[in-house]
Amino acid sequence: MNELPPVVLGPVVLWADLAGIFVSALGGALLAVRHKLDVFGVFVLAIVTGLAGGMARDMLIGATPVAALANPLYLPSALAAATVVFFGHRLIERASQPVMLFDAMALGFFAVAGARKALTYGIDPLPAVLLGVLTAVGGGALRDVLLAEVPRVLKVGELYALAAMLGAAVVVVGDALGLPSAPVGIVGALATFALRMVSVRFGVTAPRAPGSE
Amino acid sequence: MNELPPVVLGPVVLWADLAGIFVSALGGALLAVRHKLDVFGVFVLAIVTGLAGGMARDMLIGATPVAALANPLYLPSALAAATVVFFGHRLIERASQPVMLFDAMALGFFAVAGARKALTYGIDPLPAVLLGVLTAVGGGALRDVLLAEVPRVLKVGELYALAAMLGAAVVVVGDALGLPSAPVGIVGALATFALRMVSVRFGVTAPRAPGSE
Amino acid sequence: MNELPPVVLGPVVLWADLAGIFVSALGGALLAVRHKLDVFGVFVLAIVTGLAGGMARDMLIGATPVAALANPLYLPSALAAATVVFFGHRLIERASQPVMLFDAMALGFFAVAGARKALTYGIDPLPAVLLGVLTAVGGGALRDVLLAEVPRVLKVGELYALAAMLGAAVVVVGDALGLPSAPVGIVGALATFALRMVSVRFGVTAPRAPGSE
Numbered sequence: 001m002n003e004l005p006p007v008v009l010g011p012v013v014l015w016a017d018l019a020g021i022f023v024s025a026l027g028g029a030l031l032a033v034r035h036k037l038d039v040f041g042v043f044v045l046a047i048v049t050g051l052a053g054g055m056a057r058d059m060l061i062g063a064t065p066v067a068a069l070a071n072p073l074y075l076p077s078a079l080a081a082a083t084v085v086f087f088g089h090r091l092i093e094r095a096s097q098p099v100m101l102f103d104a105m106a107l108g109f110f111a112v113a114g115a116r117k118a119l120t121y122g123i124d125p126l127p128a129v130l131l132g133v134l135t136a137v138g139g140g141a142l143r144d145v146l147l148a149e150v151p152r153v154l155k156v157g158e159l160y161a162l163a164a165m166l167g168a169a170v171v172v173v174g175d176a177l178g179l180p181s182a183p184v185g186i187v188g189a190l191a192t193f194a195l196r197m198v199s200v201r202f203g204v205t206a207p208r209a210p211g212s213e
Numbered sequence: 001m002n003e004l005p006p007v008v009l010g011p012v013v014l015w016a017d018l019a020g021i022f023v024s025a026l027g028g029a030l031l032a033v034r035h036k037l038d039v040f041g042v043f044v045l046a047i048v049t050g051l052a053g054g055m056a057r058d059m060l061i062g063a064t065p066v067a068a069l070a071n072p073l074y075l076p077s078a079l080a081a082a083t084v085v086f087f088g089h090r091l092i093e094r095a096s097q098p099v100m101l102f103d104a105m106a107l108g109f110f111a112v113a114g115a116r117k118a119l120t121y122g123i124d125p126l127p128a129v130l131l132g133v134l135t136a137v138g139g140g141a142l143r144d145v146l147l148a149e150v151p152r153v154l155k156v157g158e159l160y161a162l163a164a165m166l167g168a169a170v171v172v173v174g175d176a177l178g179l180p181s182a183p184v185g186i187v188g189a190l191a192t193f194a195l196r197m198v199s200v201r202f203g204v205t206a207p208r209a210p211g212s213e
Numbered sequence: 001m002n003e004l005p006p007v008v009l010g011p012v013v014l015w016a017d018l019a020g021i022f023v024s025a026l027g028g029a030l031l032a033v034r035h036k037l038d039v040f041g042v043f044v045l046a047i048v049t050g051l052a053g054g055m056a057r058d059m060l061i062g063a064t065p066v067a068a069l070a071n072p073l074y075l076p077s078a079l080a081a082a083t084v085v086f087f088g089h090r091l092i093e094r095a096s097q098p099v100m101l102f103d104a105m106a107l108g109f110f111a112v113a114g115a116r117k118a119l120t121y122g123i124d125p126l127p128a129v130l131l132g133v134l135t136a137v138g139g140g141a142l143r144d145v146l147l148a149e150v151p152r153v154l155k156v157g158e159l160y161a162l163a164a165m166l167g168a169a170v171v172v173v174g175d176a177l178g179l180p181s182a183p184v185g186i187v188g189a190l191a192t193f194a195l196r197m198v199s200v201r202f203g204v205t206a207p208r209a210p211g212s213e
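What follows is the structure, encoded as C-alpha cells:
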C-alpha cells in the first residue's frame, strides 16, 4: 500500500537478470538431461531454475506483472538456454562441473539484480540483502525440491548463501556510498562468483553450531 | 507498475477456474485418501491442488487479492470436492484411474483460464502460454511436492506440460484471430484433455535429449 | 484491482507476527542444528520458518512490499532467534520437545495475525480463516519440504491444521461480533496453542475417510 512514484529501473537489473536467467537455465537444463527427463522436463527445469527466483522477488516487492512475464526477453533467455543444452549437452558436459559453474555465475548475477531491484523499490538495506539472496538461490532451490533433493543452499560445506550475501551486500554498500551502479554490480557479481568457486575448489566450509558436531 | 485500466474478466476465466478447482480438488482429495491422511489432510490437499495454481497465476500478474480469496465461489468449490471424496471415495475409485482423469480435466480448464486471464491483464502471447501451463500444473505439482513425490510434470513419458501448452496456445491463437472466447476456451480445454488422455492410454512419449538415453 | 482505501493495520497483526516470527524461527533453527547444518543453514531455516508464511499471506492479498521486507523489525526477529539457537541450542534442547512447543506457539500467533490481516484487507470470513491457516502452517511446511520431509500439516494424528483453523475462526467470529481485536487475538492464539498441545500430549486424532483405514 506504499505510494510509490513510477519506478525507473536502471540497466543493471535488466542485464544481470538476463545473464542470470541464461546461465542458471543452462544449469537447470543440464540437470534435467542428467536425470534423463524428456524434452518438456528439460524446458520446465530450465524455466524454473531461470525464472523462479526473480518471480518470487518481484511478487514480494509488488513489481507485478513480474518481469518474467512482462519483459519480452526473460522467457526467451530461458528457452534459448534449454535449446542449447538439449542439443549440445554432450559438448557442455566436457567442461569441469558445468552445473556448478553455471550455478555460481547465476548466483552472482541474481544476487546483484535482486539487491538492486529491492533498493529501487525502496526496500531497506538489510532486507535488500535478503532479497538478493532469495533471488539468487530461489530458482535453484525450487528446481532441487522438484527433483526431490535437498537444496544446495542447505548443504553443509558449501558457501552458497554466504556467496550470494556477499554480492548483494556489495550492491547495498555501494549504493549507500553513492557509487555508480554498473561497476558496483560487476564487482558484486564477481565477488559472489569468486567466493563460491573458492569454496568449492578448496573445500572451505562454514562452522556448525558449537556442540552440534 | 503498469497503468492498467479496470480489468474486466469475461465469464471464461470464472467458469474454467471453478471447473478446474472442483475436478482438481477431487483428484487431490482422492490422493489424500489413498495416502491414508486424516480428514484435515484430505481438505488441505484438495485446497492445495485446487487453488495453488490459480493463486500463483494471480500473484504473478498482480491480480490481488487473488481470486481464490476474493471470489466467494472458489474456496467452497474445493471444499465441496473434498467433502464428496471424503464420503464417496469408494464409489469414485471404481472408475478407471480417477485421479488421472480428474487431473487431465483440470489441466484443460486451468490452461484455458490461465492463458485467458493473462491476456486480459495485458501479458504477451508467449508468456501467456507459460502462465496457462503454470496455472494448470502448479496445484498438482505443489501437492506432489508436499507428498514428497516428484511432480507429474517432470515425469518421463507423460505429455503433461505439452497438453497444457496446447490448450493455452489455442486460447492465445484464438485471441489473436479475434475469435469469441467461450468456444475457443472449450476447444482449448478439450484439446488439452484429449492430448493428455491419448498420451496416457497409448503411451505416447516425448523425446529425450540426443545422446542421453 | 480492488480500490482499497489506505489500509490501517492495528497492533494485533504486528505483535502477533513478531511473536510468531521469533518462536517459529527458534523452532526452524533448532531443526537445522539437529540436521547438523552449518551456520548459514541455521539462518536460512530460521528465516524460512519465520517469514515464509507471512510472505505468502501478504503476496496473496496484495500487501506489497510484504511486511517481512517493509517492516524493520521482521527480519531482525528471525535473525535474533537464529543467533539465540546457534549459541544456546544445548540449553534449549533440555526443554521437553522444544521444536514442537515453539511450533505450537507460532501456530497460534500466525493464525491470529493472518486472519486479522485478511479481514483488514476486506477478505470474507471463510477465506480469512484459510489465510490464517496458511500463514500459520506455511513457514513450517516450506521448511519441511526443504528438508525433504512430509510437512507436519499432512501428518496423521496431529490436529495441526484444525488448531490453526480454531484460532483463525476465533478472530473471524470475534470480528463479526464487534469484539475488540486485542483480547480476541489473545484468546485465538491461546485456543490454537491449547488444542495443539492437547492433541500432541493426549494423542487426539482426527478421523480418516470412511473405509480408508
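Chains as they are written, first to last, in the UniProt record's numbering: chain A, 1 to 213; chain B, 1 to 213; chain C, 1 to 213. Note that the Cβ used here is the ideal one computed from N, Cα and C, for glycine as well. If you're wondering where the values come from, they're calculated on a predicted model, not measured in any experiment.
query	result
For a contact meaning CB atoms closer than 8 Å, what does M55 (chain C) contact in chain A?	L60
Could you check whether the Cβ of F86 (chain B) sits closer than 8 Å to any Cβ belonging to chain C?	yes
Any Cβ of chain B within less than 8 Å of the Cβ of D38 (chain A)?	yes
For the segment 86-104 of chain C, enumerate the residues whose C-beta is nearer than 8 Å to any C-beta of chain A, in chain order.	F86, F87, H89, R90
Should R208 (chain B) go down as buried or exposed, given a rule of 16 or more other Cβ atoms within 10 Å for buried?	buried
Give a yes or no on whether the minimum CB-CB distance between P180 (chain C) and chain B is below 8 Å.	no
By a C-beta neighbour count over all protein chains shown, 10 Å radius and 16 as the cutoff for buried, is T49 (chain B) buried or exposed?	buried
Please classify D38 (chain B): does DSSP put it in a helix, a strand, or coil?	strand
At a Cβ threshold of 8 Å, is L146 (chain A) touching chain B?	yes
Compile a chain-ordered list of the residues in the segment 17-42 of chain C whose CB is closer than 7 Å to at least one CB of chain A.	V33, K36, L37, D38, V39, F40, G41, V42
On a CA-only basis, which of A:G28, A:G10, A:G185, A:M59 is nearest H102 (chain A)? Give me that one, please.	In the sequence as presented, His is not what sits at residue 102 (chain A); that position holds Phe. Out of A:G28, A:G10, A:G185, A:M59, A:G28 has the C-alpha closest to the C-alpha of F102 (chain A).
I want to verify the contact list: residues of chain B whose CB lies under 8 Å from the CB of L75 (chain A), in sequence order.	L126, P127, L130
Quick check on this structure: which residue in B:S199, B:G178, B:A189 has the alpha carbon closest to the alpha carbon of A16 (chain B)?	B:A189
Check whether the Cβ atoms of L131 (chain B) and L79 (chain B) sit closer than 8 Å, and answer yes or no.	no
Quick check on the DSSP output: the alpha helix (DSSP H) that includes A163 (chain C) runs from which residue to which?	160-176
Looking only at C-alpha atoms, which of C:Y121, C:R143, C:R94, C:K155 sits nearest to L9 (chain C)?	C:Y121
Can you pull the chain A neighbours of V66 (chain C), defined as C-beta to C-beta under 9 Å?	M59, L60, I61, G62
Quick one: which chain C residues come within Cβ less than 9 Å of P72 (chain B)?	D124, L126, P127
Where does R90 (chain C) land, buried or exposed, given buried means 16+ other C-beta within 10 angstroms?	exposed
On the CB-based measure, 16 or more other CB atoms within 10 Å of its CB, does G20 (chain B) come out buried or exposed?	buried
Closer than 6 Å by C-beta to V13 (chain B): which residues in its own chain qualify, once you throw out the five before and the five after it? Chain order, please.	A113, R116, K117
Give a yes or no on whether 8 Å exceeds the smallest Cβ distance from A209 (chain C) to chain B.	yes
Give me the DSSP bridge partner(s) of R208 (chain B).	A:D38
Does the structure place the segment 27-42 of chain B close enough to the segment 82-101 of chain B that three or more beta carbon pairs sit under 8 Å?	yes
Determine whether the beta carbon atoms of V200 (chain A) and E158 (chain A) lie at a separation below 8 Å.	yes
Classify G203 (chain A) as helix, strand or coil using the three-state DSSP reduction.	coil
Compare the Cα-Cα distances from P127 (chain C) to each of B:V42, B:M55, B:L134, B:L195 and report the closest residue.	B:M55
Hey, A52 (chain B) and G138 (chain B) are a contact pair by Cβ (cut 8 Å); roughly how many whole angstroms apart?	5 Å
Could you check the C-alpha separation between V7 (chain A) and L75 (chain C) for me, to the nearest Å?	24 Å
What's the gap between the Cα of G174 (chain C) and the Cα of P180 (chain C)?	8 Å
Mind checking if T135 (chain C) is an interface residue toward chain A, Cβ cutoff 8 Å exclusive?	no
Between which two residues does the alpha helix (DSSP H) containing Y74 (chain A) stretch?	74-92
Examine chain C for any beta-carbon lying closer than 8 Å to the beta-carbon of L14 (chain B), and answer yes or no.	no
Report the option in C:R152, C:F22, C:V153, C:R143 whose CA atom is closest to the CA atom of S77 (chain C).	C:F22
Answer with buried or exposed for P65 (chain A), where buried requires no fewer than 16 other C-beta atoms within 10 angstroms of its C-beta.	buried
If we cut at 8 Å on Cβ distances, does V172 (chain B) have a partner in chain A?	no
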